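Have a look at the structure below, then the notes.
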Amino acid sequence: MRLIFLPIVVFIILAVTLLSQNLFPKNTLESTIANWNDGTDAFYQQVLKSDGDWVDHAGEAVFDNYPVKSISKLETENILAQARQPQPPVLGLHTAPDGAEKWIEIDLSNLKLYAWEGNRKVYEFLISTGRPGYNTPTGEFRVWRKVLSQAYKGGSRERGDYYYLPNVPFSLFFGGGNVSNWKGYAIHGAYWHSDFGIKNRSSGCVNVKPEEAGLLYQWAGPAMPAGTGVLNSTPDNPGVRVIVHD
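Residues in the sequence shown are numbered from 96 upward in steps of one, following this note's numbering.
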């Protein structure tokens, strides 16, 4: 009788353990990230970073370049507090309150982004831009689309440069002139590396620290009602000018 009872107990323990892992979120932060994006893109399977290395901890929830379980309680509370901050009723305009034009300068040589209102510098951020073979285009462009959060994917599995990056925050897509809008170049937050001002890591986009990308997103036109996830610019609601130079 004991020999029969023991395997049953072991089976029940294993079943309860597996069910609890699958049915319940690991912690508050993980469930918050999933809820913010409707639970569709909150987890990595295997992501190829721009330097050719595979993301560590593939298959685990990742936030701000760290696996969720490695984030301390204090850091978790800080991240959640930031997520709960109220947003202004309108995100971004193409002009300052005094009528000065807002515009963005991308300095590829020094890996810096400047946000200007006329000749007044509002922000200065370190960035990471296109790596060799995937250069960020130079010229004068306009922000034509703002997206709060979306997945980015590209490359080829056959070539070994495929990537899939969920929940990329605060994208300002830019184009114009000899660069079609549909090329997909954008200024956006990057949580998968910390080489801002150090190394070119992207496939042509302009990578900014997520918290700094959020400031830029709220500042830059087109004007966007809070709570809106995506918006294209129009002649009556234009995006800010973007100048990219070496």
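For each residue, glycine too, the CB sits at the ideal point set by N, CA and C.
Please read these numbers as outputs of a predicted model, since none were measured by experiment.
Among the residues of its own chain, which have a CB less than 7 angstroms from the CB of residue i, if the five just before and after it don't count?
i    : result
G134 : Residue placement at G134 is flagged as unreliable, the pLDDT there being 30, under the threshold of 50; the coordinate-derived value follows with that caveat. No residues qualify anywhere along the chain.
D290 : S223, R296
K278 : G270
W239 : F268, F269, G270, N276, N327, S328, G334
K294 : S223
S204 : D341
V274 : P232, G234, F236, Y280
K216 : Y209
P227 : none
For residue i, I'd like the list of residues in its chain whose CB is within less than 6 angstroms of its CB, leaving aside the five on either flank, ordered along the chain.
i    : result
G299 : G225, Y229, T231, Y280
A195 : E212, G213
F220 : L208, V303, E307
G309 : F265
H288 : R296
I338 : E200, E235
N332 : P317, A318
E253 : none
Going along the chain, which residues of its own chain have a beta-carbon closer than 8 angstroms to the beta-carbon of residue i, five neighbours each way excluded?
i    : result
G272 : G234, E235, F236
P330 : none
P305 : D159, P264, F265, G284, A285, Y286
Y218 : L208, Y209, A210, E307, L310, L311, W314
For a test of the three-state rule: what should DSSP assign to residue i, helix, strand or coil?
i    : result
Y259 : strand
G234 : strand
F119 : Here the model assigns F119 a pLDDT of 40, short of 50, so the residue's position is not dependable, and the following value carries that caveat. If DSSP states are grouped into helix, strand and coil, F119 belongs with coil.
R336 : strand
E155 : At E155, the pLDDT of 38 sits below 50, so the modelled position is not reliable; the number obtained from the coordinates is stated separately. Reduced to three states, the DSSP call for E155 is coil.
D341 : coil
Could you tell me how far apart the beta carbons of residue i and residue j are, in whole angstroms, since I believe they sit closer than 8 angstroms?
i    : j    : result
V303 : W198 : About 16 angstroms; that fails the 8 angstroms criterion.
P261 : A246 : 5 angstroms
D202 : H340 : 7 angstroms
H189 : G316 : 3 angstroms
I282 : V301 : 4 angstroms
L311 : A210 : 6 angstroms
L243 : G324 : 5 angstroms
Kindly identify the DSSP beta-bridge partner or partners of residue i.
i    : result
L221 : K207
R240 : F268, N327
Does the beta carbon of residue i come closer than 8 angstroms to any beta carbon on chain B?
i    : result
E307 : In the displayed structure, chain B is absent; only one protein chain is listed.
Q: Report the residue ranges of all beta strand (DSSP E) runs contained in full by the region 179 to 219; include only those spanning at least 3 residues, in chain order.
A: 197 to 202, 207 to 212
Q.
Just to confirm the assignment: which complete alpha helix (DSSP H) runs, minimum length 4, are found wholly within the region 263 to 333?
A. 305 to 314
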